[in-house]
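Here the structure is laid out as structure tokens; the discussion comes afterwards.
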Amino acid sequence: MELLGKEDNARINATISSYLRLLSGYLEFHASLETLEYLIRRYKVHVYNVEDVVLCALPYHDTHAFVRIVQLLSTSKKYQPSKPVVSFSTAVVVELLALLLDSFLLYSSSDDQCREALANFDN
1 MELLGKEDNA RINATISSYL RLLSGYLEFH ASLETLEYLI RRYKVHVYNV EDVVLCALPY
61 HDTHAFVRIV QLLSTSKKYQ PSKPVVSFST AVVVELLALL LDSFLLYSSS DDQCREALAN
121 FDN
């Protein structure tokens, strides 16, 4: 995927993103995990499509498969800790929370109910 042009990479990324959205409903089946493994080996989705993989696996956050998927993800530099005191798992949690917040804010800007719930949120 690294040797292709920008247009080809964009087309492949769009196809992968669409497929991962479809795969999300079936991630509890072994065959779907095998197709995800293929995408990881062939297209390195755990490096180049981290957000799509997280969104695909997030409904299964209480399964062993989710833990394995999160362990495979390549976190970006901006969420990596600058000091080795913070563990890798903390960096992954921070990145997942940032992705969730970003997605929530994206959807809340177009959905009145989400915007209202966010405005009325109390600690």
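For the record, in the sequence shown the residue sitting at position 105 is 105 according to this note's numbering, with numbers rising by one throughout.
Ideal placement from N, C-alpha and C gives every residue a C-beta, glycine not left out.
By the 10 Å Cβ neighbour count, where 16 or more other Cβ atoms means buried, how is residue i classified, buried or exposed?
| i | result |
| --- | --- |
| residue 7 | exposed |
| residue 31 | exposed |
| residue 10 | exposed |
| residue 20 | buried |
Can you give me the Cβ contacts of residue i inside the same chain, cut-off strictly under 7 Å, excluding the 5 residues immediately before and after it?
| i | result |
| --- | --- |
| residue 51 | 99 |
| residue 70 | 92 |
| residue 46 | 40, 53, 72, 73 and 74 |
| residue 35 | 23 |
Beta-carbon within less than 6 Å of residue i's beta-carbon, same chain only, minus the 5 sequence neighbours each way: which residues are those?
| i | result |
| --- | --- |
| residue 27 | 60 |
| residue 41 | none |
| residue 37 | none |
| residue 17 | 52 |
Return the residue from the list the options that minimises the CA-CA distance to residue i.
| i | options | result |
| --- | --- | --- |
| residue 49 | 5, 25, 33 and 72 | 72 |
| residue 55 | 24, 14, 13 and 39 | 24 |
| residue 67 | 96, 39 and 43 | 96 |
| residue 29 | 103, 101, 63 and 94 | 63 |
| residue 58 | 103, 4 and 34 | 103 |
| residue 65 | 21, 19 and 33 | 33 |
Check whether chain D comes within 8 Å of residue i, counting only Cβ atoms and requiring the distance to be less than that.
| i | result |
| --- | --- |
| residue 37 | Looking for chain D here will not work: only one protein chain is present. |
Sequence ranges, alpha helix (DSSP H) only - wholly within the stretch 4-42, length at least 4: 6-23
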